[in-house]
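Visitor: Questions regarding the structure given below will be posed in turn.
Chains as they are written, first to last, in the numbering used here: chain H, 170 to 281; chain U, 11 to 123.
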């Protein structure tokens, strides 16, 4: 099945710093999502981005499908950005692949 | 509109018992998927239901089963609980099957003692 690798596994930032989180995947996809897991366990959808670039406030994401990677940018980080960030993909587009495969997650700690 | 609702939020069961978890998707969404999250294995796909039919199944033993009702609400059942079944169980809904974004519920945290 499709493999998803996220890097770095852990990230510590000072408040106000910028960061880039990376997701590599092993096959073509028809869905890629970035999630932030809150302390209560809920996965909050940040971006649905199988290709292209999107921005939402201080967050933006870019997926280069032909090169099989996606990047999540966090600018001017805040302590509330702390938590685990997951990249999840669905694919390849052919076949019964209606499921998300998750990476292991990136644990982000933002210090005041 | 209301999000994905999972009940109960927390559950404690004894080994050998069975448990049923419930998930109500976003109104109009017909696909419901279930995932298990554990510290060791991460997030793993259990199964997906669309229009009351199981469309896809992950690599879990037959003790894990599910169903979907005509109103798209879904239940998953785990029989003969083992300690290793302790996990956060997350439900996700999507408008259709495959290729669309998923919205997750808050999860059910199951502890087996």
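Quick reminder that beta carbons are idealized off the backbone N, C-alpha and C, glycines included.
Of all the options 274(H), 170(H) and 183(H), which has the alpha carbon lying nearest to the alpha carbon of residue 202(H)?
Guide: 274(H)
Visitor: I'd like to check one pair, residue 70(U) with residue 53(U): are the Cβ atoms closer than 8 Å?
Guide: no
Visitor: Going by the DSSP bridge assignment, what does residue 213(H) pair with across the sheet?
Guide: Paired residues: 205(H).
Visitor: Taking the beta carbon of residue 243(H) as the centre, do at least 16 other beta carbons fall within 10 Å, making it buried, or is it exposed?
Guide: buried
Visitor: Mind checking the region 49-67 of chain U against chain H and listing, in chain order, the residues whose C-beta falls within less than 7 Å of any C-beta there?
Guide: 52, 53, 55, 58, 65 and 66
Visitor: Suppose only complete runs of 3+ residues qualify. What are the beta strand (DSSP E) ranges in the region 239-271 of chain H, listed by chain order?
Guide: 252-259
Visitor: Quick one: does residue 76(U) have its CB under 8 Å from some CB of chain H?
Guide: no
Visitor: Can you determine whether any heavy atom of the ligand ZN sits closer than 7 Å to the C-beta of residue 60(U), and answer yes or no?
Guide: This structure does not include the ligand ZN; it has no bound ligands of any sort.
Visitor: Short of 7 Å in beta carbon distance, which residues of its chain neighbour residue 221(H), apart from the five on each side in sequence? Order them along the chain.
Guide: 232
Visitor: Assuming residue 32(U) and residue 16(U) are in contact, meaning their beta carbons sit under 8 Å apart, how far apart are those beta carbons, in whole angstroms?
Guide: Contact check for residue 32(U) and residue 16(U): beta-carbon distance about 7 Å, within the 8 Å limit, so the pair qualifies.
Visitor: Distance, Cα to Cα, residue 192(H) vs residue 63(U)?
Guide: 32 Å
Visitor: With 8 Å set as the bound, which would you pick, yes or no: does the beta-carbon of residue 114(U) sit closer than that to a beta-carbon of chain H?
Guide: yes
Visitor: Output the boundary residues of the beta strand (DSSP E) element that contains residue 182(H).
Guide: 179-183
Visitor: Quick one: grab the DSSP three-state call for residue 221(H).
Guide: strand
Visitor: Check the Cβ-Cβ distances between residue 15(U) and every residue of chain H, and say whether any is below 8 Å.
Guide: Output row for residue 15(U): interface = no.
Visitor: Mind checking residue 200(H): buried by the 16 CB within 10 Å criterion, or exposed?
Guide: It is buried - the Cβ of residue 200(H) has at least 16 other Cβ atoms within 10 Å.
Visitor: For residue 107(U), decide whether its Cβ has a neighbour in chain H, counting only Cβ atoms nearer than 8 Å.
Guide: yes
Visitor: With distances taken Cα to Cα, identify the nearest neighbour of residue 41(U) among 50(U), 103(U) and 89(U).
Guide: Among 50(U), 103(U) and 89(U), the Cα nearest to that of residue 41(U) belongs to 103(U).
Visitor: Here's the rule I'm using: 16 or more other beta-carbon atoms within 10 Å means buried, otherwise exposed. How should residue 50(U) be labelled?
Guide: exposed
Visitor: Within its chain, find whatever has a CB closer than 6 Å to the CB of residue 119(U); leave out the 5 residues flanking it on each side and keep chain order.
Guide: 20 and 98
Visitor: What would DSSP say about residue 174(H), mapped onto helix, strand or coil?
Guide: strand
Visitor: From residue 254(H) to residue 30(U), what distance separates their C-alpha atoms?
Guide: 29 Å
Visitor: Which ranges would you report for the beta strand (DSSP E) in the region 38-66 of chain U if only whole runs of at least 3 residues count?
Guide: Counting only runs of 3 or more, we get 41-48 and 52-60.
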